[in-house]
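This report concerns only the one structure given below.
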Amino acid sequence: MKKQLIALSVLAAIPFTVSAEYYLGAKVGSSSLKNSCSVSEPCDDGSVGFGGFAGYKFSDMFSLEAGFDKIGDFESNFSSGKTAKGALTSLTMGPKFGIPINESLGVFSKFGLGYTNYDVIDDDLNVMAAFGLEYGISREWKTRLEYQILGGIGSGDTGGLAAHLFSIGLSYHFGSDEPVAAAQAAPVEPRPAVVAEEPAPVVLAAAPVVVAPKTITFQSKKGVGLYESGSNKLSEAGLHQFDELVTLLTTYPQSNVTVTGHTDSSGSAKFNQQLSEKRAQAVADYLVSEGVDSSRIKVEGEGEASPIASNKTAAGKEKNRRVEVTIEEFSVEE
């Protein structure tokens, strides 16, 4: 007799990373103070600078960042005869815009205001601009190369200064998604056996067991993500989210599965297509490592082409970053 398992579908909608997170960092590098040597007097317009920064990441492409820098120790003179000597420091704040190049590397730019202090020159607001590269070492740690300019320092006969700082930095990011394990599906109770009346022989008739289509959704919270940040490698916490799926596939070796990756609209369409395929493949590789034959697994990536929410909001993007796992219809012979 056959027990028909009809349209058994497991849909795992799993966000990859949280859109919002705090981060702290420090940087050090080479600095210069342009237009600070106007006459042939003792002058030093080069130095070593360092600083710290903190930010809040609203999405993969937008953050708000503030920093404090000791740009360097300088000795300046001006055509007016005035001189300045000492440390040039600054407070800066502005939006930071990022564009991913690949899974780990991205470019960024910052524009905003700075508040500088340098000897006899009046403290004042200045224009700040910066650009650079940022690389994800791991889920929490990122390093950056940055070129920052503060223009319009000083006024009148001590004006026209521009501070340049080329630095390397390291930052630590707090908070990412932690999928919550899906609730265990209730076991399907078989119908009682039917016993024929005497004098006919006793016959046990196993009624067909019908399993309705079922969707399992893995939600997220701040903590550990399914993937390492900027990577298609599954995190240790993410591996355990597939335990129920592995159990089902190993229990029913005649079943086949399709793994489909999806992304939000951050980055280029080509990059998102490749990322969705690689992250779906990471899930497939894990299933194989748990004993599921690779011939039973089909891997697909749809990139940003099939959103289930708006990509105009952080919450919508979070929903669109997912992997869908579908088990096709199959039957079990008793």
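In mature numbering (1 follows the signal peptide of the UniProt record, and there is no 0), the protein residues as written are -20 to -1, 1 to 314. Note that the Cβ used here is the ideal one computed from N, Cα and C, for glycine as well. Predicted model only: the values in this text are computed from it and were never measured.
Cβ-based burial, residue i [other Cβ within 10 Å; buried from 16]
i: THR195; result: At THR195 the pLDDT is 38, less than 50, meaning the model places this residue with poor confidence and gives no usable figure here.
i: HIS242; result: buried
i: ASP103; result: exposed
i: PHE91; result: exposed
i: LYS122; result: buried
i: LYS297; result: buried
i: VAL87; result: exposed
i: LEU105; result: exposed
i: ASN300; result: buried
i: GLY61; result: exposed
i: ALA264; result: buried
i: SER56; result: buried
i: LEU145; result: buried
Cα-Cα separation between residue i and residue j, rounded to whole angstroms
i: ILE148; j: SER11; result: 12 Å
i: LYS37; j: ALA46; result: 12 Å
i: PRO287; j: GLY74; result: 31 Å
i: VAL168; j: GLN234; result: Reliability of the predicted coordinates at VAL168 is poor, the pLDDT of 48 falling under 50, and the value obtained from them is presented with this limitation in mind. C-alpha separation (whole angstroms): 19 Å.
i: GLU83; j: ALA249; result: 13 Å
i: ALA187; j: LEU228; result: With a pLDDT of only 48 at ALA187, under 50, the local geometry of the prediction cannot be trusted, and no value is derived from it.
i: LEU130; j: ALA143; result: 5 Å
i: GLU224; j: GLU270; result: 12 Å
i: SER275; j: ALA285; result: 26 Å
i: ALA295; j: LYS14; result: 44 Å
i: THR238; j: LEU44; result: 40 Å
i: GLU1; j: PHE251; result: 23 Å
i: GLU308; j: LEU93; result: 57 Å
i: GLU114; j: VAL312; result: 52 Å
i: GLN221; j: GLY32; result: 37 Å
i: TYR98; j: GLN128; result: 17 Å
i: THR72; j: GLU257; result: 40 Å
i: SER209; j: ALA262; result: Note that SER209 scores 47 on pLDDT, short of 50, meaning its location in the model is unreliable; the coordinates nonetheless yield the value given after this. Approximately 14 Å, taken between the alpha carbons.
i: LYS213; j: ALA260; result: 10 Å
i: PHE48; j: GLU120; result: 22 Å
i: THR69; j: VAL107; result: 14 Å
i: VAL279; j: TYR95; result: 53 Å
i: ILE81; j: SER290; result: 23 Å
i: SER89; j: LYS292; result: 21 Å
i: ILE277; j: SER39; result: 33 Å
i: GLY281; j: ASP244; result: 12 Å
Cβ neighbours of residue i in the same chain (closer than 7 Å, five flanking residues each side left out)
i: GLU126; result: LYS7, ALA110, GLY112, SER147, GLY149
i: LEU4; result: ALA34, SER151, TYR152
i: MET41; result: PHE77, GLY78, ILE79, SER246
i: ILE101; result: ALA64, ILE133, GLY134, THR138
i: ILE117; result: THR123
i: ALA67; result: LYS50, ASP53
i: TYR266; result: LEU214, LEU219, PHE222
i: TYR232; result: PHE310, VAL312
Boundaries of the beta strand (DSSP E) in which residue i is found, first to last residue
i: ALA294; result: That residue, ALA294, is in no beta strand (DSSP E); its alpha helix (DSSP H) goes 294 to 300.
i: LEU85; result: 85 to 98
i: VAL279; result: 277 to 281
i: ASN291; result: Note, ASN291: premise wrong, no beta strand (DSSP E); not H, not E.
i: ALA285; result: Run containing ALA285: none; DSSP gives neither H nor E here.
i: ILE117; result: Premise fails: ILE117 is in no beta strand (DSSP E) and is neither H nor E.
i: GLY271; result: No beta strand (DSSP E) holds GLY271; DSSP gives it neither H nor E.
i: ILE79; result: 63 to 80
i: GLY134; result: From DSSP, GLY134 is part of no beta strand (DSSP E); its letter is neither H nor E.
i: PHE54; result: 42 to 57
i: SER147; result: 141 to 154
i: GLU1; result: 1 to 14
i: residue 316; result: The first residue shown for the chain is -20 and the last is 314, placing residue 316 beyond what the model contains.
i: LYS37; result: 26 to 39
C-beta neighbour in chain B for residue i, strict 8 Å
i: ASN252; result: Looking for chain B here will not work: only one protein chain is present.
Own chain partners of residue i with C-beta closer than 6 Å, once the 5 adjacent residues on each side are dropped
i: CYS17; result: CYS23, ASP25
i: GLN254; result: none
i: ASP140; result: For clarity, residue 140 is Gly in the given sequence; the question names Asp instead. Result list for GLY140: ASN15, in chain order.
i: LEU85; result: TYR115
i: VAL268; result: SER274
Own chain residues within Cβ distance below 8 Å of residue i, not counting five before or after
i: VAL272; result: VAL226, LEU229, THR230, VAL237
i: VAL28; result: VAL8, GLY9, SER10, SER11, GLY52
i: PHE30; result: ALA6, LYS7, VAL8, GLY9, ASP49, LYS50, SER147
Which runs of the beta strand (DSSP E) fall wholly inside the segment 215 to 249 and span at least 3 residues, in chain order? 237 to 242
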